[in-house]
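Working notes, beginning with the structure itself.
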Amino acid sequence: MDRSAHEIDHRIMGDDIQCIEISLDPHETVVAEAGSLMMMDDGIAMSTIFGDGRGQAQGLMDKMLSAGKRVLTGESLFMTTYTNQTTGRRTVWFAAAFPGKILALDLREFNNQLILQKNSFLCAAKGVNIGVAFNKKIGVGLFGGEGFIMQKLEGDGMVYINAGGMLVQRDLLPGEVIKVDTGCLVGMTKEVEYDIAYVGGIRNTLFGGEGLFLATLRGPGHIWTQSLPFTRLADNIIASAPKLGGKRKGEGSILGGLGDLLDGDNR
-9 MDRSAHEIDH RIMGDDIQCI EISLDPHETV VAEAGSLMMM DDGIAMSTIF
41 GDGRGQAQGL MDKMLSAGKR VLTGESLFMT TYTNQTTGRR TVWFAAAFPG
91 KILALDLREF NNQLILQKNS FLCAAKGVNI GVAFNKKIGV GLFGGEGFIM
141 QKLEGDGMVY INAGGMLVQR DLLPGEVIKV DTGCLVGMTK EVEYDIAYVG
191 GIRNTLFGGE GLFLATLRGP GHIWTQSLPF TRLADNIIAS APKLGGKRKG
241 EGSILGGLGD LLDGDNR
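Each residue of the sequence shown is one higher than the last, beginning at -9 in this note's numbering.
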């Protein structure tokens, strides 16, 4: 069965910090997040576009709406297209922004639609529609945190997504429920119902460290989860950064920062 999206080929390279090689036949195009380029062959033309990867036949208002939807998901206003303008095959490479896995998915195998966490999308064949998936339940809208607005990928092309740390996949049976930290949810098929569940109890509120809300997913459907969300990685790096002024924290000390307080270092 022919695709309406461009039919691109790929090769994923690396282990814990991966990159992806996309091979383009003449006039084929891949659409990627701005800033994800690693390198490319001569003869590939770059172009900046608004919003999704459906092409540039849209009117100005459609383009503005598409770009606005991307802002809601926490992504850039713009995306970048890479088109092979030669008569031979050319290659472009993209790299993930954090350690983990790159996953290649054919939308035709998932009823032409996937729902993704923001920061999960890396690149896709031209012709894939990259939009926003709104859940009408008020719990998701008000309390979802990282995961309350999701990206929606529609079409019949190949898409490539990031997962931080270890990637875990799971098939949910009809009616089966699983609760996932909102940052650890990478994506799911469109059949999965999702909402945000409150984690009650004063101990959880004050000392749980996992936030007040979890994503509740109900089958049937397929889900992808990650062990190290980018936001968690960034928070850990910031928390472990040296103090301002160049003084290092006591990595080798059992007391660490507490030792600094006892020493009277309260700068």
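The beta carbon of each residue, even a glycine, is placed where N, CA and C say it ideally should be.
So the beta strand (DSSP E) residue i belongs to, where does it begin and stop?
{"i": "N152", "result": "M148 to G154"}
{"i": "N119", "result": "N119 to A123"}
{"i": "A205", "result": "F203 to R208"}
{"i": "C113", "result": "F111 to A115"}
{"i": "I168", "result": "V167 to D171"}
{"i": "Q103", "result": "Q103 to L106"}
{"i": "H17", "result": "Segment: none, H17 is in no beta strand (DSSP E) and carries neither H nor E."}
{"i": "G177", "result": "L175 to T179"}
{"i": "G211", "result": "G211 to Q216"}
Reducing DSSP to helix, strand and coil, say where residue i ends up.
{"i": "T71", "result": "strand"}
{"i": "D(-8)", "result": "coil"}
{"i": "R79", "result": "coil"}
{"i": "S230", "result": "helix"}
{"i": "F88", "result": "coil"}
{"i": "D225", "result": "helix"}
{"i": "L163", "result": "coil"}
{"i": "E(-3)", "result": "coil"}
{"i": "L143", "result": "strand"}
{"i": "K97", "result": "Sequence inspection shows Leu at residue 97; the Lys mentioned does not correspond to that position. Helix."}
Compute the Euclidean distance between the alpha carbons of residue i and residue j, then round it to the nearest angstrom.
{"i": "D171", "j": "L207", "result": "11 Å"}
{"i": "V21", "j": "G147", "result": "11 Å"}
{"i": "L234", "j": "L223", "result": "For L234, the predicted model reports a pLDDT of 47, less than 50, meaning its position is unreliable and no value from the coordinates is stated."}
{"i": "L143", "j": "G209", "result": "20 Å"}
{"i": "G131", "j": "V149", "result": "Residue placement at G131 is flagged as unreliable, the pLDDT there being 48, under the threshold of 50; a coordinate-derived value is accordingly withheld."}
{"i": "G117", "j": "A231", "result": "42 Å"}
{"i": "N102", "j": "F111", "result": "16 Å"}
{"i": "I186", "j": "K169", "result": "9 Å"}
{"i": "D161", "j": "G211", "result": "6 Å"}
{"i": "D32", "j": "T76", "result": "9 Å"}
{"i": "M178", "j": "P16", "result": "33 Å"}
{"i": "M269", "j": "V167", "result": "In this structure the chain extends from -9 to 257, so residue 269 is not present and cannot be described."}
{"i": "L163", "j": "L175", "result": "18 Å"}
{"i": "T19", "j": "N74", "result": "7 Å"}
{"i": "S13", "j": "L95", "result": "16 Å"}
{"i": "T71", "j": "I39", "result": "7 Å"}
{"i": "M28", "j": "G165", "result": "42 Å"}
{"i": "M3", "j": "F203", "result": "36 Å"}
{"i": "A123", "j": "R79", "result": "35 Å"}
{"i": "P219", "j": "R(-7)", "result": "33 Å"}
Quiz prompt | Cβ pair count under 8 Å reaching 3, the region 214 to 228 against the region 180 to 188 | solution = The region 214 to 228 makes no contact with the region 180 to 188; the number of CB pairs closer than 8 Å stays below 3.
Practice problem: State whether the region 5 to 16 contacts the region 73 to 84, with contact taken as three or more CB pairs (one from each stretch) at a distance under 8 Å. | Solution: These segments touch.
Quiz item: With contact counted as at least three CB pairs below 8 Å, one residue from each stretch, are the region 89 to 109 and the region 142 to 160 in contact?
Solution: yes
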